[in-house]
Amino acid sequence: MAAKREHDIVLFGATGFTGGLTAEYLARHAPPECRWALAGRDRAKLERTRARLAEINPDCAELPLLHADVTDPGSLRAVAASARVVITTVGPYLHYGEPLVAACAENGTDYVDLTGEPEFADRTYLAHHATAQRTGARIVHACGFDSIPYDLGVYYAVSKLPEGVPLTVTGQLRASAQFSGGTYSSALTAFSRARQMARTAKERRRAEPWPKDRAIHTPLGVPARDRETGRWLVPMPTIDPQIVARSAAALPRYGPAFTYRHTAAVKRLPTIVAAGLGLGALAVLAQIPPARTALGRLRKPGEGPSERRRAKSWFNVRFTGEGGGKRVVTEFAGGDPGYDETAKMLSESALCLAFDDLPATSGQVTTAVAMGDALLERLRKAGLTIREIS
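Under our numbering, the first residue of the sequence shown is numbered 151, with each subsequent residue one higher.
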């Protein structure tokens with residue numbers, strides 16, 4: 151049924167910073183047969199975005215513009231019913247995201263976003279996973295820097311290790327980049343809702359099926375020095391290990407016992423201390439409404455670094471995998487993680503769902519489960535480095 155719809159892809163949020171970069175990527179790289187459209191609540195802003203895209207690709211001058219407003223569920227249902235895949239960059243998702251997930255789940259429409267918000271992902275699983283399974287919709291969160299480099303990076307490392315044995319993978323992130331106002335706003339929201347986040351995560355653990363014959367662990371651990379590189383490995387309490395764990399739970403290829411450690415690699419111990427103090431202060435201040443409001447004014451959603459600054463940004467995630475007497479080292483690397491590469495990963499995820507021959511899945515699923523090898527190949531062709539080092 152979805153194949154007969156008016157649009158292959160609809161992008162909601164193209165007038166924002168990251169959404170604009172996503173629109174530009176699609177203008178340059180969507181295949182000629184791709185029928186795509188822009189959606190938003192401000193027609194004038196959409197028209198200006200379309201005019202900018204037409205300068206990149208003249209064919210974009212005729213892009214359809216659809217009305218979509220998060221406060222108008224009917225408009226979101228109409229957009230979902232018209233599309234095979236919906237992309238949304240409208241966050242913080244905890245505030246603005248659920249009505250669109252609901253519309254896509256109800257209409258059997260595939261959905262991709264950029265969320266790094268664990269509470270949002272858990273809430274949509276509890277509320278909409280069963281509906282999406284029934285209608286055939288694939289709800290795929292975290293299709294940007296959160297969490298594709300880690301989810302697909304681990305997936306790739308596991309493919310290089312023996313089958314049927316316990317496996318351990320450690321990810322080490324190094325990066326030089328600035329992150330968006332939207333990312334900052336999402337982090338501030340998460341810090342302010344620690345108790346609600348923990349409660350929702352507990353509800354999901356009770357509701358979500360989990361393999362009884364396989365063990366999956368994502369220990370947080372403590373900072374430790376890596377003997378091979380000499381860097382300090384700092385545990386990162388982000389959404390990424392949760393995504394990796396759910397891929398491991400769904401895919402028996404991860405072995406009878408699987409452990410993933412998620413870290414940032416830094417040269418100097420004082421860097422760890424300074425970062426910890428900064429995050430701790432942000433977490434405390436986010437609990438105080440006036441302070442949270444003031445912090446929210448520092449960086450607003452829709453803001454981001456210049457093209458020149460983004461051109462200097464980069465990231466590299468090194469994965470060390472061990473199991474069955476074998477050890478592999480792989481990497482997933484690219485340019486600016488928070489914007490340019492995120493727009494690329496999000497766009498290619500949508501194109502993959504729309505056009506590639508994929509495993510039969512439905513419900514709320516991860517990128518590794520829904521797209522796996524097909525998305526890895528797309529991202530390689532798009533310029534990301536995904537390779538075995540040793």
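Don't be surprised by glycine CBs; every beta carbon is placed ideally from N, CA and C. These figures come from a predicted structure and were not determined experimentally.
Distance between beta carbons of residue j and residue i, contact taken as under 8 Å
i, j, result
"residue 309", "residue 389", "Between residue 389 and residue 309 the Cβ distance is about 23 Å, and since that is not below 8 Å, they are no contact."
"residue 249", "residue 220", "6 Å"
"residue 264", "residue 303", "The Cβ separation is near 17 Å, so there is no contact."
"residue 410", "residue 391", "6 Å"
"residue 176", "residue 497", "5 Å"
"residue 325", "residue 167", "Not confirmed; about 19 Å, so no contact."
"residue 276", "residue 357", "6 Å"
"residue 413", "residue 322", "5 Å"
"residue 503", "residue 262", "7 Å"
Residue i versus the options, residue with shortest Cα-Cα distance
i, options, result
"residue 511", "161, 170, 322 and 259", "259"
"residue 173", "213, 194, 250 and 242", "213"
"residue 316", "496, 495, 501 and 473", "473"
"residue 480", "538, 459, 246 and 515", "538"
"residue 234", "220, 286, 276 and 400", "286"
"residue 359", "403, 154 and 280", "280"
"residue 301", "368, 325, 372 and 244", "368"
"residue 541", "305, 283, 495 and 165", "The question about residue 541 has no answer, for the chain in this structure spans 151 to 540."
"residue 328", "461, 222, 366 and 176", "461"
"residue 513", "272, 223, 478 and 218", "272"
"residue 350", "269, 382 and 535", "269"
"residue 540", "222, 505, 476 and 531", "476"
"residue 191", "203, 532, 222 and 200", "222"
"residue 266", "416, 284, 242 and 282", "242"
"residue 531", "491, 517 and 508", "491"
"residue 405", "377, 236, 361 and 210", "361"
"residue 314", "245, 356 and 402", "402"
"residue 209", "373, 399, 324 and 178", "178"
"residue 200", "463, 171 and 225", "171"
"residue 244", "215, 217, 346 and 493", "346"
"residue 247", "291, 311, 468 and 205", "291"
"residue 365", "375, 288 and 408", "408"
"residue 236", "278, 289 and 283", "289"
"residue 399", "515, 207 and 231", "515"
"residue 163", "181, 529 and 196", "196"
"residue 506", "387, 232 and 181", "181"
"residue 487", "535, 517, 501 and 478", "535"
"residue 319", "471, 154, 533 and 418", "471"
"residue 478", "352, 468 and 394", "468"
Helix, strand or coil at residue i [DSSP, three-state]
i, result
"residue 442", "Bear in mind that a pLDDT of 49 at residue 442, under 50, signals an unreliable position, so the number given afterwards is only what the model happens to contain. In the structure shown, residue 442 sits in a helix (DSSP, three-state: H, G or I)."
"residue 534", "coil"
"residue 350", "helix"
"residue 255", "helix"
"residue 498", "helix"
"residue 228", "helix"
"residue 233", "strand"
"residue 290", "strand"
"residue 159", "strand"
"residue 527", "helix"
"residue 323", "strand"
"residue 503", "helix"
"residue 457", "helix"
"residue 462", "coil"
"residue 297", "strand"
"residue 476", "strand"
"residue 435", "For residue 435, the predicted model reports a pLDDT of 47, less than 50, meaning its position is unreliable and no value from the coordinates is stated."
"residue 328", "coil"
"residue 519", "helix"
"residue 489", "coil"
"residue 263", "strand"
"residue 314", "coil"
"residue 511", "coil"
"residue 215", "strand"
"residue 308", "helix"
"residue 427", "With a pLDDT of only 45 at residue 427, under the threshold of 50, the placement of this residue in the model should not be trusted, and no figure is reported."
"residue 471", "strand"
"residue 409", "strand"
"residue 269", "helix"
"residue 481", "strand"
"residue 221", "coil"
"residue 366", "strand"
"residue 285", "helix"
"residue 238", "strand"
- Counting only runs that start and end within the region 165-201, where is the beta strand (DSSP E) found for 3 or more residues in a row? 186-190
- Query: Which runs of the beta strand (DSSP E), 3 residues or longer, sit entirely within the region 372-397?
  - Reply: 382-385
- So does the region 521-530 actually touch the region 240-256, counting three or more Cβ pairs closer than 8 Å? no
- On the three-pair Cβ rule with 8 Å, is the region 181-189 touching the region 157-166? yes
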